[in-house]
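Let me begin by presenting the structure, written as structure tokens, before commenting on it.
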Amino acid sequence: MVLVLAVLLAGCGDVRQAAPPRRSLDADCAQTRPENISLHPDCDPAVTDPHSVARQITIAEKTVRDRAARPDLVAAAGRQAQRGYLTLVDHPEWDATVLSEVPGSLRDAIARNAAACRELHAMTTRLPATVPAWHIVEPPDGTQLRAYYLQAQRRFGVPWFVLAAVHLVESRMGRIVGNSSAGAQGPMQFLPATWMHYGLGGDVWNNRDAILGAANYLAANGAADGTGAGLDRALYRYNNDARYVRAIRHYAEVMQADERAFLGYHTWQVYYRTTLGTVLLPTGYSAPQSMPVQEWLAKYPQ
51 MVLVLAVLLA GCGDVRQAAP PRRSLDADCA QTRPENISLH PDCDPAVTDP HSVARQITIA
111 EKTVRDRAAR PDLVAAAGRQ AQRGYLTLVD HPEWDATVLS EVPGSLRDAI ARNAAACREL
171 HAMTTRLPAT VPAWHIVEPP DGTQLRAYYL QAQRRFGVPW FVLAAVHLVE SRMGRIVGNS
231 SAGAQGPMQF LPATWMHYGL GGDVWNNRDA ILGAANYLAA NGAADGTGAG LDRALYRYNN
291 DARYVRAIRH YAEVMQADER AFLGYHTWQV YYRTTLGTVL LPTGYSAPQS MPVQEWLAKY
351 PQ
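Using the working numbering, you'd call the opening residue of the sequence shown number 51 and step up by one each time.
Now the structure itself:
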């Protein structure tokens, strides 16, 4: 199966260039959090050094894992963590400092998230000068998605966290509606011929059907044990690149270690890397055809 990712360019990017502007904490924001970092999207801290990044990601990831946290705070924390990773991934020289300052309980997850982003970046050899002909929608409810993953796991033996990781990378868990440049379709990005064989008669654009089809395909290629060489071979068949395999394994192992990490990933937005920097494609973005980045930014300044 030759499957072209729709979101390799939409994963982790350089938010210093064209992403939504940040502002430093003001007095109101500082009062809302004793740590001086707010989870309110309008109160993002300036993250210009590894110490700020370590604090930002730590607070966000702790909130995601806090079972007492309100759902709206968990959602804000997931997005804040993503922005922290977007910054960290462009500064590998900060890794040692960041990892030394975050809690030991989070160190492996943070290292894996940064590594996954970098693996996906490395797969992109040429950045586009256009934004894509996609629609960006709200993803299905997280509880519903977990039910789909578990249904697929029971039927095909592929672990739910592997399916969630593939879903995250391929379409931001259903946020991206659009074809890849090679014609791959749906939230799990199937080429039509492969979907005909593994799609179980379902709708390639339906998240449940696509998740079941992906589990069917991965199981048929050896992923049912969920670990080891069989899973690696199946993921390599899904996308013929060892960097893709490593990225999926990183995300999957974070969720395997702590299933609440899924709640953070579920909130991750679509950032799209271009020749003019990284732009946010927000919910509601809709382009019937690709357009130059300059044109998009002129219409919707960020």
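Just so you know, even glycine gets a beta-carbon here, dropped at the ideal spot from N, CA and C. Computed from a predicted structure; not experimentally measured.
Item: In chain order, what residues of the same chain lie with their CB nearer than 7 Å to the CB of V187, ignoring the 5 residues before and after it?; Value: R225, V227, T333
Item: Could you spell out where the beta strand (DSSP E) holding R40 opens and where it closes?; Value: Since the first residue of the chain shown is 51 and the last is 352, residue 40 is not available in this structure.
Item: Buried or exposed for S230, please, with buried defined as at least 16 other CB atoms from any protein chain shown within 10 angstroms of its CB.; Value: buried
Item: Just reading off the beta strand (DSSP E) that V329 is part of, what are its end residues?; Value: 327 to 331
Item: Could you tell me if R204 is buried or exposed, where buried requires 16 or more neighbouring beta carbons within 10 angstroms of its beta carbon?; Value: exposed
Item: Give the straight-line distance between the Cα atoms of S340 and K112, rounded to the nearest whole angstrom.; Value: 38 Å
Item: Please classify Y321 as buried or exposed, where buried requires at least 16 neighbouring CB atoms within 10 angstroms.; Value: buried
Item: Give every residue of the same chain whose Cβ lies closer than 7 Å to the Cβ of A264, excluding the five residues on either side of it in the sequence, and list them in chain order.; Value: L213, V216, M238
Item: Whole angstroms are fine: how far does the CA of V103 sit from the CA of T137?; Value: 8 Å
Item: Could you say if the segment 165 to 175 and the segment 292 to 311 meet the contact criterion of at least three C-beta pairs nearer than 8 Å?; Value: yes
Item: Can at least three beta-carbon pairs, one atom from the segment 297 to 316 and one from the segment 119 to 138, be found at a separation below 8 Å?; Value: yes
Item: Please report the distance separating the alpha-carbon of G280 from that of D158.; Value: 23 Å
Item: By Cβ distance, which residues of its chain are closer than 7 Å to A274, with the 5 residues on each side in sequence left out?; Value: F206, G207, V208
Item: Could you round the C-beta distance between G236 and A260 to whole angstroms and report it? I think they count as a contact, below 8 Å.; Value: 5 Å
Item: Thinking C-beta only, is Y135 closer than 8 Å to G161?; Value: Reading the sequence as shown, one finds Ala at residue 161 and not Gly. No, these two residues do not count as a Cβ contact at 8 Å.
Item: Buried or exposed for A146, going by 16 or more other Cβ atoms inside 10 Å?; Value: exposed
Item: On a Cα-Cα basis, can you pick out the residue from E169, P242, A125, V152 that is closest to S139?; Value: A small fix is needed here, since residue 139 is Val in this sequence, not Ser. Checking every option, the nearest Cα to that of V139 belongs to E169.
Item: Using C-beta distances below 6 Å, list every residue in its chain close to L268, excluding the 5 sequence neighbours before and after it, in chain order.; Value: V208, A284
Item: I need the boundaries of the alpha helix (DSSP H) containing G263, first residue and last residue.; Value: 257 to 270
Item: Assuming V355 contacts A131 under a Cβ cut-off of 8 Å, what Cβ separation, rounded to an integer in Å, is found between them?; Value: The structure shown does not extend to residue 355, since the chain spans only 51 to 352, so no value can be given for it.
Item: Near W184, what residues of its chain come up, given a Cβ to Cβ distance below 6 Å and the 5 sequence neighbours on each side ignored?; Value: I226, G228
Item: Report all residues from its chain with a CB closer than 6 Å to the CB of W245; omit the five preceding and five following residues, and keep chain order.; Value: V254
Item: Among all the DSSP beta bridges, which residues are the ones paired with I226?; Value: I186
Item: Starting from Y288, trace the alpha helix (DSSP H) both ways and give me its first and last residue.; Value: 278 to 288
Item: Would you kindly work out how many angstroms separate the C-alpha atoms of R83 and K349, rounded to a whole number?; Value: Confidence in R83 is poor, its pLDDT being 39 and thus under 50, which makes the residue's placement unreliable; the coordinate value appears in the next sentence. R83 and K349: Cα-Cα distance of roughly 35 Å.
Item: Let me know if S221 comes out buried or exposed under the rule of 16 or more other beta-carbons within 10 Å of its beta-carbon.; Value: buried
Item: Below 7 Å, is the gap between the Cβ of Y301 and the nearest heavy atom of the ligand GTP?; Value: Questions concerning the ligand GTP fall outside what the structure shown contains, since it holds no ligand whatsoever.
Item: Look up Q132 in the DSSP assignment and say whether it is helix, strand or coil.; Value: helix
Item: Name the DSSP beta bridge partners of Q235, please?; Value: F240
Item: Tell me the DSSP secondary structure of S336 in three-state form.; Value: strand
Item: Confirm, please, whether the CB-CB distance from M223 to P182 is below 8 Å.; Value: no
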